[in-house]
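Student: The opening residue of the sequence shown carries number 1486 in my numbering; numbering runs sequentially from there.
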Amino acid sequence: MCCQGTWLGTVSALFSRIHLYLDKEYVMPKFVVEREIPSIGQVSAEELQAIARKSREVLNAMGTSIQWVESYVTGDKIYCVYIAENEQQILDHAAQGGFPANRICQIETMIDPTTAE
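1) Between the alpha carbons of Lys-1515 and Ile-1568, how many angstroms are there, rounded?
2) Using only the alpha-carbon positions, how far apart do Gly-1548 and Ile-1563 sit?
3) For Ala-1569, which of helix, strand or coil comes out of DSSP?
4) Within a Cβ cutoff of 7 angstroms, which residues of the same chain sit near Met-1513, ignoring the five residues on either side of it in sequence?
5) Tell me where the alpha helix (DSSP H) around Ile-1536 begins and ends.
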């Protein structure tokens, strides 16, 4: 390696160790939550806004250890992406908000078009 034994090599090695440490120790799991809600794809923008507001209020009360990333609305389901310490936090959020949580899956990894390169 061209940088070994130099200041740059030391810094590079340090950042590599920090990155590995953070990846293994401090990155919270990400989850996909499937919510079965009949005809949710047909509701108005105002109704979706009210649902989002309720979710945000519950999350704010729960603290910073759970984060709603985004949601995708289909005909009869909402797929929500969360970062949380564990599945129980998602179940608690659902119960407090009055939302179904029919299926919760922890995301193991992510791929996208750049994965093919």
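Backbone N, C-alpha and C define an ideal beta-carbon position, used for all residues, glycine too. Since this is a predicted model, take the numbers as computed values, not measurements.
Tutor: Based on what the coordinates show:
1) Lys-1515 and Ile-1568: Cα-Cα distance of roughly 4 angstroms.
2) Cα-Cα distance, rounded: 23 angstroms.
3) In the structure shown, Ala-1569 sits in a strand (DSSP, three-state: E or B).
4) In its chain, beyond the 5 residues on either side, Ile-1568, Ala-1569, Glu-1570 have a beta carbon closer than 7 angstroms to the beta carbon of Met-1513.
5) 1530-1547 is the span of the alpha helix (DSSP H), which, as asked, contains Ile-1536.
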